[in-house]
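See below for the structure under consideration.
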Amino acid sequence: MEVEIKDITKYYKKHMALDHVNLCLHHGVYGFVGPNGAGKTTLINILVNVLDPSGGNIFYDGKNIKDDIESYLDQVGYLPQYPKFYGDFTCAEFLKYMCVLKDIKKSKIASKVKKVLQLCNLEDVQNRKIKEFSGGMRQRLGIAQAILNDPKLLILDEPTAGLDPKERIRFRNVISNLSTDRIVILATHIMEDVESIANEVILIQKGKLLGVKRTEDMLEEIKGKVWLRKILQSSLSDYENKYMISSIIHENEYVSIRYISDQEETGALSVEPKLEEVYLYYFQSGEHV
Numbered sequence: 001m002e003v004e005i006k007d008i009t010k011y012y013k014k015h016m017a018l019d020h021v022n023l024c025l026h027h028g029v030y031g032f033v034g035p036n037g038a039g040k041t042t043l044i045n046i047l048v049n050v051l052d053p054s055g056g057n058i059f060y061d062g063k064n065i066k067d068d069i070e071s072y073l074d075q076v077g078y079l080p081q082y083p084k085f086y087g088d089f090t091c092a093e094f095l096k097y098m099c100v101l102k103d104i105k106k107s108k109i110a111s112k113v114k115k116v117l118q119l120c121n122l123e124d125v126q127n128r129k130i131k132e133f134s135g136g137m138r139q140r141l142g143i144a145q146a147i148l149n150d151p152k153l154l155i156l157d158e159p160t161a162g163l164d165p166k167e168r169i170r171f172r173n174v175i176s177n178l179s180t181d182r183i184v185i186l187a188t189h190i191m192e193d194v195e196s197i198a199n200e201v202i203l204i205q206k207g208k209l210l211g212v213k214r215t216e217d218m219l220e221e222i223k224g225k226v227w228l229r230k231i232l233q234s235s236l237s238d239y240e241n242k243y244m245i246s247s248i249i250h251e252n253e254y255v256s257i258r259y260i261s262d263q264e265e266t267g268a269l270s271v272e273p274k275l276e277e278v279y280l281y282y283f284q285s286g287e288h289v
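With UniProt numbering, the residue at position 246 of the sequence shown is 246, and numbering never jumps.
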């Protein structure tokens, strides 16, 4: 399957939120990253038909989605950043209700609900009311409803917010298994999730697409630009003003810092970069792909 985003623009009055975005997606997991206000949510809302673009088109397997929007939306699963639920429904009741909204055949509802309950680790709480759920349980329920219709395009906006480390690992495994024959877009600020499961990363800033890169290529690009050094506490503010610091560990009168710099400094140790440092390099330094 293929989704092509062609010359998409979006204006809010005179503000251009998306500036001629062009993107072609095939099966696999795409991390979707950028600063707040970069245009991620706007593009997602266009993909799920919540917003109309000001210009441009989206094609699904070569067909303009405007020509048959219902068929396209049948292939889309979506978890918004702040999902809303009916608190008096039980978990299972809510999922059955969502099956009806998604036009899933009545004969398949029970098996679909059972499958997603298992995948999202909700079997033991399926008969509890949603208003009793923790934040993490609600997030898992949101993921469950997004995959009920076995979508070919799955869009997840900050999906691991509120999940504990064990749940986050389970989520990554679920998404990895789902991505073999579908497109998954993972919009998140948790770079560890992107590094763990994304095949490629979509970079966006100020409404413009900076590029689409494999995670290993991005890490390679800043190799030799991440440094570790122990300094006096009194020197920390000077380093904060001069460099992008990704980590600070206090050790009595000293601090160990990881920082990003194109230039080697005497006494600093070169270390392997992390994807969160790639994020800092592109979006805080103003570098472009």
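Ideal placement from N, C-alpha and C gives every residue a C-beta, glycine not left out.
- Taking C-beta atoms under 8 Å as the contact rule, Met244 and Tyr259 qualify, at a distance of about 6 Å.
- For the 8 Å CB-CB criterion, Asn57 and Lys10 do not form a contact.
- Taking all protein chains shown into account, Gln75 has 16 or more neighbouring C-beta atoms within 10 Å of its C-beta and is therefore buried.
- Between Arg172 and Ile197, the C-beta spacing is below 8 Å.
- Assigned with DSSP and collapsed to three states, Phe171 falls in helix.
- Boundaries of the alpha helix (DSSP H) harbouring Asp217: 215-221, taken from the DSSP string.
- Looking at the backbone, the Cα of Ile248 and that of Leu236 are separated by about 9 Å.
- Within its own chain, the residues whose Cβ lies closer than 8 Å to the Cβ of Trp227, once the five positions on either side in sequence are excluded, are Arg258, Tyr259, Ile260, Ser261, Glu264, Glu265, Ala268, Leu269, Ser270, Val271, listed in chain order.
- Of Tyr97, Lys96, Lys102, Pro80, the smallest CA-CA separation from Tyr72 is found for Lys102.
- Residue state for Phe59 is assigned as strand, using DSSP reduced to three classes.
- Contiguous beta strand (DSSP E) elements confined to the segment 212-282 occur at 226-232, 244-251, 254-260, taking only those with 3 or more residues.
- Distance from Ile204 to Gly39 at the Cβ level is roughly 5 Å; contact confirmed, criterion being Cβ atoms closer than 8 Å.
- Secondary structure of Gln284 (DSSP, three-state): coil.
- Secondary structure at Glu200: strand, using DSSP grouped into helix, strand and coil.
- In the three-state scheme derived from DSSP, where H, G and I count as helix and E and B as strand, Cys120 is classed as coil.
- Separation of the CB atoms of Ala187 and Phe59 is rounded to 21 Å, and the pair is thereby denied contact status at 8 Å.
- Each of Leu156, Ala92, Lys112 was checked against the Cα of Leu148, and the nearest Cα belongs to Lys112.
- With respect to the 8 Å criterion, Gly77 and Leu25 are not classified as neighbours on the basis of their beta carbons.
- Relative to Lys242, the option among Glu251, Gly207, Gln284 whose CA is nearest is Gln284.
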